[in-house]
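Residue numbers (the working numbering), protein chains in the order written: chain A, 1 to 337; chain B, 338 to 674; chain C, 675 to 1011; chain D, 1012 to 1348.
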């Protein structure tokens, strides 16, 4: 068979090892092609046969060596037709699409239309892909966020300030929750659970009074924030953190500072967890191909690798709820106001 | 209630956050005591009331702030009686014991004899505690092993050598397997799966011929190694790695070097995974106490927190098998000889 | 003698080891006192006798364990009189002041007025203290900036973008220059050398055309930037980076992104260079005290430890010039116009 | 001109940036060739024209992308003649040799014989090249040694043990001295200053009694150690550390452990200091070529870049002495016995 591999959407640590591992397995029996720049590579025929040896030098680095884009191949029918004719011309039998909701959505649509057979692998540092407990990149981003937060803490302690760490997360508060639990922050604000900023200020003031510093972690996308939004209606990274710090400073009379953890936490080298997850997903994706099991996304569910139909996961977000929300409430019970 | 907390056995990253978090929850309603130096602290009455505030400064560091020991309080009946009378005198109702097989075994025995009510939390960088998928410290150790292996690789590439990384793991090959998968090593040797050194040499020679370097990861405790053993019949860390490197060098004619990853990978700051696991375990341990659920170890099973009777887990090792062994065989099918 | 030690101004990695080492030497013969919160601690009598043992637990962490403030004890004559009477009451003979221009300036003034005998140690991540080649904290901050920049680069490469890294440096471009040289950035903008943004855009476009990504490093305080200023007339961190990225995007038609490296790079653990520098400075400060050599700042000059009169260094900035400016021009010759 | 670049001897962090930067400057006017595997590459004609673009992907990684060897091209006259004829055939005008004593020695000899014009750049993690204060790789190795030592310390504290860290350094104690100062170890043993092991044990016992842990740093090559030597008469890494730990354990009755920091600390990514040093050296080497200044090694002397005749530096080691020995004695005055 001729199998193509692509990565789409925002880059994430672990993508390279997923691609490398898949190629290492698949090349034993099949021709494997790198599709460059995500779905755009199929519209532009940026496709090249690769061996695992070609990919080895960058297999363990952050980012994605085969590049990425946010191009939607089904934006209009013209594009869709171009996609179809290119796939035919290139003779691709299967495409393994590694990405978040948009990238996987295109894979599902291509499968539905019969353009190609698709297997999806979930990736996003936000960990909000529906149908799986973990996505490639999340653990690495959280580790980077923790390291930055620990550094920030030493300057908070030295200057006796309150600190606000703003992290990514427009719909889902996973990065904020995991960073907050990992550093036992005094308050954590996530999109799934509106908080009263007054209660937050009260809570951090108590903590400050006890030890002369305090720490808040906030998701960029918390719903009670009425600040400027981008074209998709999302808060923009860098908006809410500073505003929350200013609010806290005004309301407590204690000096407060914010840091925004953006691009620098997404480009780090992959952690053990993301490497292992990438290897497991790539192995499972290869087994799906071998078994002719198409239209599915590999997933992590109840501690195990599973397959879920792509159509069941696209267009939704996995949000903090259930066990994780109870954990949230165990540590920050009093922020709702 | 009066609740004591102790850590026993080898130290591991994440212990401090487990202790800190448990105290943070329990102090809301109970008196909490740190028992210093593991079970030895109950024999010597090294017990002190603590608040989470006392523990905060070291909560996120590696090691264990309340110290540890390998003392077995049931080594003889005299000790057991001393333990019992001290527990009575101190008025401790419950002890939360964080440790590996030995530490948990003592907790189970104390419960069985009615000396105290015990809740166990599994910890060991080797990840070989029976009854749980993950133990506190494993993820941190693997991340440290990966970082050291990546550094070692650059010198292998520069000098065009074969490298052997020896990691901890006397009965179970978890660290070797995870390090090997994470770096896509050319060969991985684990205690659960004897390998022919001849096949290993052949395999790495092929890899070397392709790219002028090759990498092997080996557990200290592989069974086919007949070298010197310690008092417990275990191979000693630092034995097998060098010998395997010499074997490979002799048999392939290619320069080979070994590194041994020992104490330096166990003292690192805890990773996100270990922090979250520690928080989850501490929370679950506290809930067990609240619900009067004693004689149990908190565990990670099928992606979820669970409780298992301590008596069911002690005296056994969780070994690489099932899914993980199939993953092993997918990447290193040809080493058995 | 009774010797006090204080740290003032922004915290920096290596402060704790300077304090610890000084105390370790001085306590052999003298009474040593920690003055908390910089000069404010003398106004408020926040002074406590300490031993090196008291300081050991935090000696190798970032930040400053004895806390810091920006309080100027000579803001008015009332404060100055309070300072004088407190010093007399506390019986302090000598104060070792570790800080940047403001903190050292106060030390010089106290010496001039005969309030106390002072020895200064230069500290600031910006490396702009006059009279010394290196200040405590600079090397750590640069290492952290490089690590963040390398992470940023992987996402630039993956998405094929131009990246702008904004770093601290209001008057002096040291962090930008060292970060730029260390990553061989395509353009570096520093306050000492106005650059035409047009030329910068042209230069990065050439680099982009060759390899589909490009990197710019910019100091927050570049003079050609007319954006919002703070109360001291300085550009605010986070202003220029985004604006430069937008300018480049508009003028080249290539997607550009900015990151701002602020508080997170100042709280990191100290590097080898900063640890050694702190030990050397602390040793030299102690020798100054032993020799009754007061009113001086220890310095690093021509590879050696030296003493310079505090009055000769305050009120000035050490700027990029001479050899370092020639190095700048060797790599970025064409940005001026 | 046709200019060749080679790296010889043990790999070190920063080599790639030195090569990259030199090529970046030299390619503006000249043809530049990578000579692979050190001097061996001239005997085997493993020489390829390169551009900085070719080298960019690995410019900031540890190790040496153009590979290395320990081949001495003047081992016998046959080799020397082969070297001469190959250089003539390849038409190389100048060779920039980056290495330690052996590699630089060959450069000096080739210059003396008129085979080629040579410029040397000093490199070795041991920092013992005569005629320069710093060599490429030293700062990175020390930082890695410090990080490993800090990790080791947490396990020493947790288990209440004495720890011995053995680091590289056969003739010179630079890594041990810098690691010891940076961590304020209780005892540091270096080849330049014989120590009585009895005094060492006494000293660490005092420290242990105060805080229940203690730390010793030792160079592999200390002269009072009579253990097994390699073919060159050097102690072997991994010999002395364990023996010293056993000695201390026997003589103090306190549990002691050793770690050996070998290959893993030499392959790390280059630090800021090594990156900047590599850029400065490469720039200076290029200026030497431009000015026809041959037979020299670029050096770091009194804080400045300098040129020294290669013949003046080969066959000697830069040892700890003068200021640095006084610093040693300030902190560890009582170890000579």
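For each residue, glycine too, the CB sits at the ideal point set by N, CA and C.
Thinking residue i and residue j are a contact (beta carbons under 8 angstroms), I'd like their distance in whole angstroms, please.
{"i": "residue 158(A)", "j": "residue 685(C)", "result": "4 angstroms"}
{"i": "residue 480(B)", "j": "residue 272(A)", "result": "5 angstroms"}
{"i": "residue 19(A)", "j": "residue 55(A)", "result": "6 angstroms"}
{"i": "residue 695(C)", "j": "residue 740(C)", "result": "About 14 angstroms separates the two Cβ atoms, so there is no contact after all."}
{"i": "residue 509(B)", "j": "residue 655(B)", "result": "6 angstroms"}
{"i": "residue 1132(D)", "j": "residue 1071(D)", "result": "Not confirmed; about 17 angstroms, so no contact."}
{"i": "residue 1024(D)", "j": "residue 1279(D)", "result": "6 angstroms"}
Along chain A, which residues have their Cβ under 7 angstroms away from the Cβ of residue i?
{"i": "residue 476(B)", "result": "272, 273"}
Hey, could you find the ends of the beta strand (DSSP E) residue i is sitting in?
{"i": "residue 1099(D)", "result": "Taken as a continuous stretch (DSSP letters only), residue 1099(D) belongs to no beta strand (DSSP E), being part of the alpha helix (DSSP H) at 1088-1101."}
{"i": "residue 638(B)", "result": "633-638"}
{"i": "residue 1264(D)", "result": "First-last for residue 1264(D): undefined, no H or E at that position."}
{"i": "residue 1042(D)", "result": "1042-1046"}
{"i": "residue 792(C)", "result": "791-796"}
{"i": "residue 722(C)", "result": "721-723"}
{"i": "residue 979(C)", "result": "978-983"}
{"i": "residue 524(B)", "result": "524-526"}
{"i": "residue 678(C)", "result": "676-681"}
For residue i, which of helix, strand or coil comes out of DSSP?
{"i": "residue 283(A)", "result": "helix"}
{"i": "residue 771(C)", "result": "strand"}
{"i": "residue 735(C)", "result": "coil"}
{"i": "residue 1123(D)", "result": "helix"}
{"i": "residue 219(A)", "result": "strand"}
{"i": "residue 574(B)", "result": "coil"}
{"i": "residue 562(B)", "result": "coil"}
{"i": "residue 653(B)", "result": "coil"}
{"i": "residue 888(C)", "result": "strand"}
{"i": "residue 163(A)", "result": "strand"}
{"i": "residue 582(B)", "result": "helix"}
{"i": "residue 1081(D)", "result": "coil"}
Using the beta-carbon of each residue, which ones in chain C are nearer than 8 angstroms to residue i?
{"i": "residue 1314(D)", "result": "807, 974, 975, 976, 977, 978"}
{"i": "residue 1030(D)", "result": "In chain order: nothing, as chain C lies at least about 12 angstroms away."}
{"i": "residue 68(A)", "result": "832, 833"}
First and last residue of the alpha helix (DSSP H) that includes residue i?
{"i": "residue 876(C)", "result": "871-885"}
{"i": "residue 55(A)", "result": "52-55"}
{"i": "residue 466(B)", "result": "Run containing residue 466(B): none; DSSP gives neither H nor E here."}
{"i": "residue 847(C)", "result": "Note, residue 847(C): premise wrong, no alpha helix (DSSP H); not H, not E."}
{"i": "residue 603(B)", "result": "600-603"}
{"i": "residue 1388(D)", "result": "Since the first residue shown for chain D is 1012 and the last is 1348, residue 1388(D) is missing from the structure and cannot be characterised."}
What residues of chain D sit near residue i, judged by a beta carbon separation below 9 angstroms?
{"i": "residue 724(C)", "result": "Per Cβ cutoff of 9 angstroms: no residues; residue 724(C) is ~15 angstroms from chain D at best."}
{"i": "residue 686(C)", "result": "Ordered by position in chain D, no residue passes the 9 angstroms Cβ test against residue 686(C), which lies about 15 angstroms from the chain."}
Listing by chain order, which chain D residues have their CB less than 7 angstroms from the CB of residue i?
{"i": "residue 400(B)", "result": "1165, 1166, 1168, 1169"}
{"i": "residue 488(B)", "result": "1073, 1275, 1278, 1279"}
{"i": "residue 992(C)", "result": "Within chain D, no residue comes near residue 992(C); the closest Cβ sits about 14 angstroms away, beyond 7 angstroms."}
Starting from residue i, find everything on chain D with Cβ-Cβ shorter than 8 angstroms and list it in chain order.
{"i": "residue 599(B)", "result": "1270"}
{"i": "residue 485(B)", "result": "1275"}
Residue i versus chain B: which residues are under 8 angstroms apart at the beta carbon?
{"i": "residue 327(A)", "result": "616, 617, 620"}
Closer than 8 angstroms by beta-carbon distance: list the chain A residues that pair up with residue i, in chain order.
{"i": "residue 518(B)", "result": "275, 276, 279"}
{"i": "residue 396(B)", "result": "184"}
So which residues on chain B does residue i lean against when the C-beta distance must stay under 9 angstroms?
{"i": "residue 53(A)", "result": "547, 548"}
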